[in-house]
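Chemist:
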Amino acid sequence: MAALPQQIQNAYARLSLDPGADAQAIQRAYAHALKQIDQESQAEAFDNLRAAYETAMAWACESERRATAVETATPAEDSEAAWHAWLERLLDREQAHPQAVLAAALRDERLGAPAAQEALETRIATVLAHDPWQRLDLFDAAVACFHWDTGNGRQLADRWTAAWIAQACSESLAWRAQPERDRLRQLDAVNAALANPTPTTALLTRHFFAMDELMSHYGYWLILRMPNHILQAWSQAYNAPGFQRPPAPKAVAPRASFKLNMPMVVVLLMLAMAVLRLIFYPKG
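Residue numbers (the UniProt record's numbering): 1 to 284.
1. Three or more beta-carbon pairs under 8 Å between the stretch 192-201 and the stretch 158-177, yes or no?
2. How about the stretch 37-46 and the stretch 77-88: do they share at least three Cβ pairs that are nearer than 8 Å?
3. Which residue wins for smallest C-alpha separation from H207, given the options H84, L111, R183, W133?
4. Use the C-beta contact count for A13: other C-beta atoms within 10 angstroms, 16 or more gives buried, fewer gives exposed.
5. To the nearest angstrom, how far is the alpha carbon of Q9 from that of D38?
6. In whole angstroms, what is the alpha-carbon distance linking R181 and R154?
7. Less than 7 Å between C-beta atoms, sequence neighbours within five positions excluded: which residues of the same chain meet that for L204?
8. Below 8 Å on the Cβ atoms is my contact criterion, and I expect A51 with L15 to pass it. Report the Cβ-Cβ distance as a whole number of Å.
9. Are there 16 or more other CB atoms within 10 angstroms of the CB of A141, so buried, or fewer, so exposed?
10. What's the call for E40, buried or exposed, on a 16-neighbour Cβ count within 10 Å?
11. Near P246, which residues of its chain fall below 7 Å by C-beta distance, leaving aside the five closest residues on each side in sequence?
12. Once DSSP output is grouped into helix, strand and coil, what is the label at L231?
13. Compute the beta-carbon to beta-carbon distance between A25 and L17, rounded to the nearest angstrom, for a pair I have assumed lies under 8 Å.
14. Are at least three pairs of beta-carbons, each pair with one atom in the stretch 105-120 and one in the stretch 84-91, less than 8 Å apart?
15. Quick check on DSSP: helix, strand or coil for A73?
16. Taking the straight line between their C-alpha atoms, what separation do you get for Q117 and W221?
17. In chain order, what residues of the same chain lie with their CB nearer than 8 Å to the CB of S235, ignoring the 5 residues before and after it?
18. What are the complete beta strand (DSSP E) segments, minimum 3 residues, inside the stretch 23-70?
19. Between the alpha carbons of R113 and Q134, how many angstroms are there, rounded?
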């Protein structure tokens with residue numbers, strides 16, 4: 001504890017108190033000292049005692065006010081520190097379990113105020129919208145925790161961010177609704193692009209239709225899975241003058257299943273009997 005100013009120390013000493021005693025102790029000490037003074041014959045001693053009392057009381061009251069202010073500010077400071085700590089963990093691209101971390105953050109009592117949780121949601125949404133690469137798991141975790149896929153994302157204050165979240169959720173739902181063979185073909189194309197940032201003509205041709213589908217209809221879904229420089233490299237390669245678009249694969253017509261029904265069975269039996277009659281009774 002820092003030493004008190006000399007004037008304050010003298011005031012406490014005049015009251016026979018240890019430096020830093022509280023207001024109640026000062027009042028008791030003043031009342032006790034006052035009984036030992038004849039105010040009429042010891043006017044100077046009374047004035048000195050009164051001055052010491054007022055000085056000590058002013059210091060004690062100010063100290064209590066400062067302590068109360070610190071105590072009042074502590075929850076807010078704790079909330080802000082917790083907010084930054086959780087956010088740092090969530091935005092770490094190496095975070096292996098973002099959904100568990102986000103759920104724990106939302107259970108943290110220090111972030112219990114709605115404003116703190118809204119601020120966390122807003123910050124996560126903003127980062128996803130502006131820097132989505134390698135944050136697919138965080139996106140999925142936020143969708144699950146904040147229910148963005150049911151329209152809650154549109155309530156975000158920033159309209160551009162809200163629109164980005166809404167479109168990303170819509171495309172994710174639409175992508176999952178595709179047949180499995182299409183999804184596997186598209187994931188194969190994404191993996192090929194990640195492994196080959198500068199594509200060869202053979203790769204471009206092999207994955208043309210899958211990448212064309214992704215770039216045309218699932219752009220937000222795609223940028224959560226592919227860095228922008230690779231996406232741009234493949235897009236520019238597809239649009240280069242020398243690239244020849246491969247022919248569309250021929251659609252294979254589904255085979256109609258052949259089933260015998262009862263009328264057809266009767267007709268076939270009658271035909272068979274007629275043929276047998278001709279064979280065995282040619283003149284009949």
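Beta carbons are placed, not taken as given, at the ideal position from N, Cα and C, and that holds for glycine.
Modeler: So, to answer that:
1. no
2. no
3. R183
4. exposed
5. 25 Å
6. 32 Å
7. A237, Y238, F243
8. Contact flag wrong, Cβ pair sits at about 11 Å.
9. buried
10. exposed
11. T205, F208
12. helix
13. 6 Å
14. yes
15. With a pLDDT of only 46 at A73, under the threshold of 50, the placement of this residue in the model should not be trusted; the figure read from the coordinates follows. If DSSP states are grouped into helix, strand and coil, A73 belongs with the helices.
16. 26 Å
17. M215
18. none
19. Per the sequence shown, residue 113 should be read as Ala rather than Arg. Looking at the two C-alpha atoms, the distance is approximately 30 Å.
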